[in-house]
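Participant: To start, I am sharing the structure in question, which I have written as structure tokens.
Residue numbers (the working numbering): 5 to 483.
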């Protein structure tokens, strides 16, 4: 995939840049040796790699501000990085860029249980936010599969979701405020510890902006009371299209599960070999979980199981204990790691209307045969957030390119049926050249005009989100 050529002038000024950064950062916060910067040459989209000019690890908002001001004045591109778990190349550097990692920004700054919020530095991991409040009976709702490692900064950048987003929403529904540093070093506060901010909804603009507008250093997050209880049911089918129809019927019935997760046969077999969760060997598997009191759970599950029975499942298993519930979820939470043991894969995240699930699953199966590449499907079925895993051999010439073409066709299919290119992974570099398939030229111009306001020199997170030719034109015009 084409990336901008490094600026020779910036490469030549590396020593000067390091000298300036040493004035505002401790020595161990600057990583400049090529053998050490290789750690930052890619994120979880490992098919594409490029070592950065150097990497920095600031530990405060002020240090982030100082770094950005220096890079702005010298015309050096900056790539913000959370934990590097992006599956869309959102933290892929360019050769002349500085990686700004937020891993040292990991403190809890304030907790308010009466008003149900927690304020944390943005490098704190997703799961550790719940860890900070669970003893008081609270939790943080968004739960991406990478929640053990992914940072809140990246969750905000990509508007991450997770298995329980059907009921609780994604990051934007649980984000109350941010402290953000603009490319010129200006520190700004957006939103806060209250329901809605006055004026323009800039918080909605920032969440999902993929590091194009600023670097978030602190976040105020909504925390919720833990439910009285939760219970999943496991439903197996001999046809993935029938499983998709079952999902659509559950949603149409007006029941609101906390999660509806989908796995097909390749994923089921891989997770069984990996985690031994006790899944049936079938074509498709649904995990449907509901919450509430025992009476509420019983009522909701009875409705769901009646719907499931009308689709003739090969297995219908309700959890009867915390241990059984954990085992049911074990396989789903292990799916991506399990599939990685089989082959290299590219994970997509197009989103579609739930009513289109049967058709889209059928078309993906047909396209799999056309391209000669296997696909494993595991995704958040309740909100139509697809996660096809296209298997390929990175060591086989042409296989990556074939995989990319297949993936592009799947994402175009999502747009064609009324969905969109991304649900939670972001555009990054993976989908930037598909933006024309979803947006008219005028729509993209408006989006790029917003970036002009926040980052006039186009130095933040270069070569991402927007088609490369368009962003290059904008960047060159700003020089």
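C-beta: ideal position from N, C-alpha, C; glycine also.
(1) Quick one: what's got a C-beta closer than 8 Å to residue 441's C-beta in the same chain, skipping five residues either side?
(2) Between 30, 29, 58, which has its C-alpha nearest residue 43's C-alpha?
(3) Tell me which residue opens and which closes the beta strand (DSSP E) that residue 349 is part of.
(4) Which word fits residue 195, buried or exposed, when buried means at least 16 other C-beta atoms lie within 10 angstroms of its C-beta?
(5) Could you say which of 343, 28, 105 lies nearest to residue 156 if we only look at CA atoms?
(6) Could you tell me which residues DSSP puts in a beta bridge with residue 220?
(7) Quick one: complete beta strand (DSSP E) runs, 3+ long, within the stretch 289–332?
(8) Just to confirm before moving on: does the CB-CB distance between residue 192 and residue 180 stay below 8 Å?
(9) In the structure shown, what three-state DSSP assignment does residue 60 receive?
(10) Write down every uninterrupted run of the beta strand (DSSP E) in the stretch 17–61 whose length is 3 residues or greater and which is fully enclosed by it, in chain order.
(11) Looking only at DSSP bridge pairs, what is residue 155 linked to?
(12) Using 8 Å as the threshold, is the stretch 160–172 in touch with the stretch 426–433, meaning 3 or more CB pairs across them?
(13) Give every residue of the same chain whose Cβ lies closer than 8 Å to the Cβ of residue 251, excluding the five residues on either side of it in the sequence, and list them in chain order.
(14) On a CA-only basis, which of 287, 334, 119, 77 is nearest residue 187? Give me that one, please.
(15) Under a Cβ-count criterion, where at least 16 other Cβ atoms within 10 Å of its own Cβ denotes burial, should residue 467 be classed as buried or exposed?
(16) Compare the beta carbon distance of residue 434 and residue 49 with 8 Å and say whether it is the shorter of the two.
(17) Give the DSSP bridge partners of residue 2, in chain order.
(18) Residues in the same chain with beta-carbon distance under 8 Å from residue 233, minus the five sequence neighbours each way, listed in chain order, please.
(19) State the beta-bridge partners of residue 340 as determined by DSSP.
(20) Below 8 Å between beta carbons: does that hold for residue 271 and residue 380?
(21) Taking C-alpha atoms, which residue in 237, 231, 230, 174 lies nearest to residue 208?
(22) So, is residue 178 buried or exposed, given that buried needs 16 or more other C-beta atoms within 10 angstroms?
(23) How close, in whole Å, do the beta carbons of residue 96 and residue 67 come, if the pair is a contact with beta carbons under 8 Å?
(24) Can you tell me the Cα-Cα spacing of residue 261 and residue 71, whole angstroms?
(25) Expressed to the nearest angstrom, what Euclidean distance is found between the alpha-carbon atoms of residue 75 and residue 473?
(26) May I ask you to report which of helix, strand or coil DSSP gives residue 142?
(27) Over the uninterrupted alpha helix (DSSP H) stretch that includes residue 198, give me the two end residues.
(28) Which runs of the alpha helix (DSSP H) fall wholly inside the stretch 209–289 and span at least 4 residues, in chain order?
(29) Here's the rule I'm using: 16 or more other beta-carbon atoms within 10 Å means buried, otherwise exposed. How should residue 61 be labelled?
(30) Just how far apart, CA to CA, sit residue 324 and residue 241?
(31) With DSSP as the reference, identify every bridge partner of residue 424, one or two as the case may be.
(32) State the start and end residues of the unbroken alpha helix (DSSP H) segment that holds residue 362.
(33) Are residue 249 and residue 116 closer than 8 Å when you measure CB to CB?
(34) Under a three-way DSSP split, which group does residue 382 fall into?
(35) Let me know if residue 23 comes out buried or exposed under the rule of 16 or more other beta-carbons within 10 Å of its beta-carbon.
(36) If you reduce the DSSP assignment to three classes, tell me which class residue 119 lands in.
Facilitator: Taking the structure as given:
(1) 415, 416, 419, 425
(2) 58
(3) 348–351
(4) buried
(5) 105
(6) 184
(7) 319–322
(8) no
(9) strand
(10) 58–60
(11) 129
(12) yes
(13) 264, 266, 290, 358, 361, 385, 386
(14) 77
(15) buried
(16) yes
(17) The requested residue 2 does not occur in the structure, where the chain is confined to residues 5 to 483.
(18) 295, 296, 297, 298, 301
(19) Answer is none; residue 340 lacks a bridge partner.
(20) yes
(21) 174
(22) buried
(23) About 23 Å; that fails the 8 Å criterion.
(24) 45 Å
(25) 23 Å
(26) strand
(27) Premise fails: residue 198 is in no alpha helix (DSSP H) and is neither H nor E.
(28) 244–256, 269–279
(29) buried
(30) 21 Å
(31) 355
(32) 361–375
(33) no
(34) strand
(35) exposed
(36) coil
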